[in-house]
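The opening position of the sequence shown corresponds to residue 530 in the numbering used here, with each subsequent residue numbered one higher.
The block underneath contains the structure these notes are about, expressed in structure tokens.
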Amino acid sequence: MLADLGLDWTLAVERVSRDIRDDFFPDPILYSDFLRHRSEVIPLIEKVAPDYRPSESCNFNVPKATLALRHSIELGPIDRIVYQALVDPLVEILDPRFSDRSFSHRLRGPRESFMFLHGVSQWKKFCEAIRFATEELATPFVVETDVAQYFENIWFGTLNTQLESMLGTGLDERLRGVLAALRACWRKWSPHGRWSLPQNVDASSFLGNVYLDRFDQEVGRRWNHFRYMDDVRIVVGSEADARRALQDVVICLRGLGLGVNAQKTRIVRPDEVAAQYAPDDPFYDRVQDALRSEDKARIDSVAQPLVDKALGLLEAGESGSRLFRFCVNRIEGLRRFTGLAPLDQSVLTSRVVQLLPRHPADTATLCRYLATAELTEADRTSVAELLLYEPLCVYSWQNYHLWLLAVQARAESSELLGLAWERLREDAQGPEAVGACLYVGAFGTYADRLRLLRSYSERYPIALRRAMCVAVQEAHAAERNPFYASRASESVELEPLVRHLRGSARAIYVPEPARLPIRELFDHFPDQPS
């Protein structure tokens, strides 16, 4: 099915390697088996391409800041690379046709490994464009809304029609094959059959822009509108026009099978506009300019101020703010930059651990930070206690990240080991079982690893099967080697993993965050506005 489409596997693998850095459920070894052994993996993908069929996805939930749930469709590594390869020829053609009022996920370049322009920079342009538009009016009103359950409610038929319409006369046989392959993938991966794209995946982010291009064109013909992903803003000169514009937004989205989030919908009046759309804190620009410069002295000059700024925001009760996440994300990246002067962040680190029960939606950001920080014994104990005793840590997504952190932080305890086995017994289909499995591998006895090996099932989700392969790498060769041989013949998604584990010089269950070269500091951070 795929072999005749001329897909660029090398580019797809490179882009996926960049895209996975902020996955909802990151692979514990970040697909090192696929992404670091490309000379072996690309021939493997080419081998399966003629008979490729998309695999079943895993469907999990991720908490939002409001404690509502975001739907997460999780793909295996082969499907992830195929998805990217199918979208790559489309994005090069269609991105130039998008409205200039669409700011998110815009193509950086046809061969760039980072697929999109820098997310935080694009968010800033979005906010500046709104501010400039308000300054041109004597009585500016701003309609603010966002699309409810954006990716979850994308209908495949409507998306396919939009793709065909935008491609127009350029829709040749090759691209028809690409669209047919995409439709087959969407239907297989979605639990609903006819709607719902995977979220937090670059390929879907591009397709989201395709889906909303009709909205951008229709609303843009009448109103001065701006969009960043599902965030919509319209600038008008009267309250009556604001109400008319909001009606048009609701009606247009309804035609796409979408709706607005009522809690995030409002009209900002002229007396509120200046405060609402004031320029960002200049600290943003200072940090971003330093990172972009690739000058070590300038980067060093913003490192400790980032820590101090984050502490100040905590004291001001702004731990849930965009600026606090901006600081924490960048401190994490700078800790991974070799040669940086030591940071005084012990107080911040202890406070970040305390934030985890209060801000479950920020768990991934906070755990990335903690994985690079110098944790005290008290910090390690606090991480363990979150899993053992904290009643508010009820989300499998959150606990998955906490298990990975417990391994990285060497938070070893017999109580946690017992809890890990309990989680594996309770729900082997859920994401928390993956983290618990790795904890057993890292800190369990020989008997524990042998028990894991013997409890393996091909019916488990691919994420757990991969974790079990990682977890038994220190089992006795007499048991481990036949087990690995069976896994390599079981699935093309396990064959590279087995080869990778056999070639590893030492056992690693959840690797420490990799060092970052100076040239990647600016682009390392998550694409979404921090």
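Even glycine gets a Cβ: it sits at the ideal position worked out from N, Cα and C.
As the structure is a computational prediction, the values presented were derived from the model and not from experiment.
Taking DSSP as the reference, what is the three-state secondary structure of residue i?
| i | result |
| --- | --- |
| HIS1053 | helix |
| PHE670 | strand |
| HIS490 | With the chain covering only 530 through 1059, there is no way to say anything about residue 490. |
| SER1059 | Bear in mind that a pLDDT of 37 at SER1059, under 50, signals an unreliable position, so the number given afterwards is only what the model happens to contain. Three-state DSSP puts SER1059 in coil, outside helix and strand. |
| PHE563 | helix |
| LEU536 | coil |
| PHE645 | strand |
| VAL963 | helix |
| VAL577 | helix |
| ARG550 | helix |
| GLU919 | coil |
| ARG887 | coil |
| GLY605 | coil |
| ASN729 | coil |
| ASP956 | coil |
| TYR740 | helix |
| GLY973 | coil |
| GLU1022 | coil |
| ASP556 | coil |
| VAL1039 | coil |
| LEU531 | coil |
| TYR989 | coil |
| ALA1014 | helix |
| ASP770 | helix |
| THR905 | coil |
| ALA1034 | coil |
| ARG939 | coil |
| PRO583 | coil |
Run through the DSSP bridge pairs and tell me what residue i is partnered with.
| i | result |
| --- | --- |
| VAL764 | VAL671, ASN753 |
| ARG795 | GLU673 |
| ASN590 | HIS600 |
| SER631 | ARG756 |
| LEU1045 | PHE866 |
| LEU636 | PHE645 |
| TRP718 | According to DSSP, TRP718 bridges with nothing at all. |
| TRP724 | TRP684 |
Would you kindly work out how many angstroms separate the C-alpha atoms of residue i and residue j, rounded to a whole number?
| i | j | result |
| --- | --- | --- |
| THR674 | ASP629 | 19 angstroms |
| GLU823 | ILE1047 | 6 angstroms |
| SER568 | SER848 | 44 angstroms |
| SER734 | SER943 | 43 angstroms |
| GLY964 | ILE796 | 44 angstroms |
| CYS998 | VAL969 | 12 angstroms |
| PHE632 | PHE744 | 14 angstroms |
| GLN651 | VAL789 | 23 angstroms |
| LEU736 | ARG980 | 44 angstroms |
| ASP837 | PHE655 | 28 angstroms |
| PRO920 | LEU948 | 14 angstroms |
| ALA635 | VAL831 | The residue asked about is misnamed: residue 635 is Arg in this sequence, not Ala. Cα-Cα distance, rounded: 28 angstroms. |
| PRO1058 | ASP552 | Residue confidence for PRO1058 is low, a pLDDT of 46 falling below 50, so the modelled location carries little weight and cannot support an answer. |
| LEU708 | VAL764 | 36 angstroms |
| ARG762 | VAL591 | 26 angstroms |
| ASP809 | GLY648 | 15 angstroms |
| LYS653 | PRO990 | 39 angstroms |
| GLU657 | ARG565 | 40 angstroms |
| ARG994 | TYR985 | 7 angstroms |
| GLN746 | TRP950 | 54 angstroms |
Mind checking whether the beta-carbon of residue i lies closer than 7 angstroms to any heavy atom of the ligand ZN?
| i | result |
| --- | --- |
| LEU842 | Absent from the structure shown: the ligand ZN. Ligands present: none. |
I'd like to know if the region 573 to 590 and the region 1030 to 1044 are in contact, where contact means that at least 3 CB-CB pairs between them fall below 8 angstroms. no
Three-pair Cβ contact test at 8 angstroms for the region 671 to 687 versus the region 790 to 806: yes
The region 722 to 729 in contact with the region 594 to 603 per 3-pair CB rule at 8 angstroms: yes
Report the start-end ranges of each alpha helix (DSSP H) in the region 650 to 710 that is 4 residues or longer and not cut off at the edges. 685 to 696
Validate contact between the region 916 to 931 and the region 950 to 963 using beta carbons, cut 8 angstroms, 3 pairs: yes
Only counting runs of 4 or more residues, tell me where the alpha helix (DSSP H) segments fall wholly within the region 786 to 848, in order along the chain. 799 to 805, 811 to 822, 825 to 844
Does the count of Cβ pairs from the region 1004 to 1011 and the region 811 to 827 closer than 8 angstroms reach three? no
Using 8 angstroms as the Cβ pair cut-off and three pairs as the minimum, do the region 685 to 696 and the region 709 to 724 touch? yes
Taking three-plus beta-carbon pairs below 8 angstroms as touching, is the region 769 to 783 in contact with the region 689 to 708? no
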